[in-house]
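Novice:
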Amino acid sequence: MIISWLDTFTSLLSGAIVFAIIGHLGFITNETDYTKVVYPGSGLTFITYPDAIAKFEHVPNLFALLFFFMLFVLGIGSNTGIITSVVTAIRDEFPQLQNWKVVLTISVFGFSTGFLFITPASSRLIDYVDYYGVTYVTLTLAVAELFCFCWMYGVDRICRDIEFMLSIRTSILWRTCWKYITPTVILVILIFTFISGGKPKGFADGYHVLGWFIYALAVLPLPVWGLYVIAKQPKGTIWQKIVSASQPLPEWGPENLALKKKYDDYIDDIQHAGSRNFIQRIFTGRERSYSVNV
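Take 0 as the starting number for the sequence shown in numbering that gives the first Met the number 0 and just add one per residue.
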């Protein structure tokens, strides 16, 4: 919860700073049209911000140093999270691979592709990749993840697992946000982005076709693997196969066998409690209490 609130506060603070910078530039240049003092996309970070900092009356060099040091730290933090996720996924699928080999391969590949973004056309390339390979892909995958997380696995299961691990009941606020508010907001943002999103300028039509191919290449694994898993299900109707493919595996749960036994007993108790009527729940309550020590 602390991380969620801090992330929200940081986003609001960042938005306030952006508008403050725009207002400051407009004030010192006597310009009322913000489009004439702000550069879109990456230009906001690498052109507008440095320009505003250079116009500070006191120690502008210090603020410039702190600003770019902040960008460096943010880049390191973002790369750490992204690379860790990729390394973990590869190691889970191929546990025989040594960790340093996976990290070295990813690092060399990332460093090599990074040369594309220091060419004279790097700013246009960044906008192109950000438009087709980041914005739409991220929003589409976020909608799919939220659907799987909150509706296929289910908020009730999530809250049940949290209670088993932390002995804390999830409030109705978080349940409502996870199940309704967050998926709806992300879906609305995705739809409006598709409707109103402006294509990167200065590219021929063939490059835009290539961009949508990049988007499709990043998104298609979701339906392809979904259809593959559904096709592997035992015989039955299409709907029965979809339902079967959407269920957690029988071995789903803690990796530790002792914790897995506690988890299974905990689930059985909850299912048994759910089958009792309201009066029975009042008088009998929960039959067991569990504490998890790892």
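Just so you know, even glycine gets a beta-carbon here, dropped at the ideal spot from N, CA and C. Computed from a prediction, not measured in an experiment: that's the story for all the values here.
Rounded to whole angstroms, what is the Cα-Cα separation between D50 and S84?
Specialist: On the sequence shown, position 51 is the one that residue 50 refers to. On the sequence shown, position 85 is the one that residue 84 refers to. Rounded to whole angstroms, D50 to S84 spans 36 angstroms at the Cα level.
Novice: Mapping the DSSP letters down to three states, classify A217 as helix, strand or coil.
Specialist: Numbered from its first residue, the sequence shown carries residue 217 at position 218. Of the three classes helix, strand and coil, the one that applies to A217 here is helix, per DSSP.
Novice: Per the contact definition of three or more C-beta pairs closer than 8 angstroms, is the segment 208 to 220 in contact with the segment 126 to 140?
Specialist: Flag = yes, the segment 126 to 140 and the segment 208 to 220 touch.
Novice: Helix, strand or coil for S10 per DSSP?
Specialist: Working through the sequence shown from its first residue, we reach residue 10 at position 11. S10: helix per DSSP, three-state reduction.
Novice: Could you give the first and the last residue of the continuous alpha helix (DSSP H) run that contains F71?
Specialist: Taking the first residue of the sequence shown as position 1, residue 71 is located at position 72. P59 to E92 is the span of the alpha helix (DSSP H), which, as asked, contains F71.
Novice: Below 8 angstroms, can you find three or more Cβ-Cβ pairs linking the segment 34 to 49 to the segment 1 to 21?
Specialist: Touching, yes, given that three or more Cβ pairs across the two stretches are closer than 8 angstroms.
Novice: Evaluate L24 with the Cβ neighbour count: other Cβ atoms within 10 Å of its Cβ, from every protein chain shown; 16 or more gives buried, anything less gives exposed.
Specialist: Counting from one through the sequence shown, the residue named residue 24 turns up at place 25. L24 comes out buried.
Novice: Just to confirm my understanding: we take W177, look at its own chain, exclude 5 residues before and 5 after, and list those with CB closer than 6 angstroms. What are they?
Specialist: Counting from one through the sequence shown, the residue named residue 177 turns up at place 178. Cβ within range, chain order: C149 and V154.
Novice: Judging by CA-CA distance, which residue of F193, I157 and W173 is the nearest neighbour of W251?
Specialist: For this step, residue 251 is matched to residue 252 along the sequence shown. Out of F193, I157 and W173, I157 has the C-alpha closest to the C-alpha of W251.
Novice: So the candidates are L226, L219, P247 and L248; which of them puts its Cα closest to the Cα of W238?
Specialist: As a position in the sequence shown, residue 238 is number 239, starting the count at 1. Nearest C-alpha to W238: L226.
Novice: Measure the alpha-carbon distance for V142 versus L219 and round it to whole angstroms.
Specialist: Here residue 142 refers to the residue found at position 143 when the sequence shown is read from its first residue. Here residue 219 refers to the residue found at position 220 when the sequence shown is read from its first residue. Roughly 14 angstroms separates the two Cα atoms.
Novice: I believe Y262 touches F163 by the beta-carbon criterion, under 8 angstroms. Please report the beta-carbon distance rounded to the nearest angstrom.
Specialist: Against the sequence shown, residue 262 aligns to sequence position 263. Against the sequence shown, residue 163 aligns to sequence position 164. Their Cβ separation, rounded to whole angstroms, is 6 angstroms, which keeps Y262 and F163 in contact under 8 angstroms.
Novice: Where does G318 sit, in a helix, a strand or coil, going by DSSP?
Specialist: The structure shown does not extend to residue 318, since the chain is modelled only from 0 to 293, so the question has no answer here.
Novice: Check W251 in the structure and name its three-state DSSP category.
Specialist: One-based indexing of the sequence shown puts residue 251 at position 252. W251 falls in the coil class under three-state DSSP.
Novice: For E144, does the three-state DSSP call read helix, strand or coil?
Specialist: The residue labelled residue 144 in the question sits at position 145 within the sequence shown. E144: helix per DSSP, three-state reduction.
Novice: In terms of residues, what are the limits of the alpha helix (DSSP H) holding Q239?
Specialist: Numbered from its first residue, the sequence shown carries residue 239 at position 240. Start and end: I237 to A244.
Novice: Flag this pair as touching only if the segment 180 to 190 and the segment 94 to 106 have three or more C-beta atom pairs under 8 angstroms; answer yes or no.
Specialist: As far as the Cβ criterion goes, the segment 180 to 190 does not touch the segment 94 to 106, which means the pair count is below three.
Novice: Applying the criterion that 16 or more other CB atoms from any shown protein chain within 10 Å of the CB defines a buried residue, is T79 buried or exposed?
Specialist: What you label residue 79 is simply residue 80 of the sequence shown in a count that begins at 1. Exposed.
Novice: Between F68 and V128, what straight-line distance do the alpha-carbon atoms span, to the nearest angstrom?
Specialist: Here residue 68 refers to the residue found at position 69 when the sequence shown is read from its first residue. Here residue 128 refers to the residue found at position 129 when the sequence shown is read from its first residue. Taking the straight line from one Cα to the other gives about 24 angstroms.
Novice: Report yes if the CB atom of F296 is closer than 8 angstroms to the CB atom of I52, and no otherwise.
Specialist: In the structure as shown, the chain starts at 0 and stops at 293, and residue 296 therefore has no counterpart that could be examined.
Novice: Using the beta-carbon count (16 or more within 10 Å), is Y179 buried or exposed?
Specialist: Counting from 1 along the sequence shown, the entry for residue 179 is found at position 180. Per the 10 Å Cβ criterion, exposed.
Novice: What are the start and end residues of the alpha helix (DSSP H) that includes T175?
Specialist: Along the sequence shown, read from residue 1 onward, the residue named residue 175 stands at position 176. Run containing T175: I171 to T175, per the alpha helix (DSSP H) assignment.
Novice: What's the gap between the Cα of M151 and the Cα of N98?
Specialist: Walking along the sequence shown from the start, residue 151 turns up at place 152. Walking along the sequence shown from the start, residue 98 turns up at place 99. Rounded to whole angstroms, M151 to N98 spans 33 angstroms at the Cα level.
Novice: How big is the Cα-Cα spacing for D91 and I27?
Specialist: What you label residue 91 is simply residue 92 of the sequence shown in a count that begins at 1. What you label residue 27 is simply residue 28 of the sequence shown in a count that begins at 1. Roughly 55 angstroms separates the two Cα atoms.
Novice: Using C-beta distances below 7 angstroms, list every residue in its chain close to F55, excluding the 5 sequence neighbours before and after it, in chain order.
Specialist: The sequence position of residue 55 within the sequence shown is 56, counting from 1. Cβ neighbours of F55 beyond the five flanking positions: F62.
Novice: Would you report the Cα separation of T112 and D126, rounded to the nearest angstrom?
Specialist: Here residue 112 is taken as the residue at index 113 of the sequence shown, counted from 1. Here residue 126 is taken as the residue at index 127 of the sequence shown, counted from 1. Rounded to whole angstroms, T112 to D126 spans 16 angstroms at the Cα level.
Novice: Just tell me which of F93, S122 and P94 has its CA closest to the CA of F202.
Specialist: The sequence position of residue 202 within the sequence shown is 203, counting from 1. Among F93, S122 and P94, the Cα nearest to that of F202 is on S122.
Novice: Run the CB neighbour count on G284, radius 10 Å, all protein chains shown included, and call it buried at 16 or more, exposed below.
Specialist: Locating residue 284 in the sequence shown gives position 285, where the first residue counts as 1. Here G284 scores only 44 on pLDDT, less than 50, and its place in the model is too uncertain to base an answer on.
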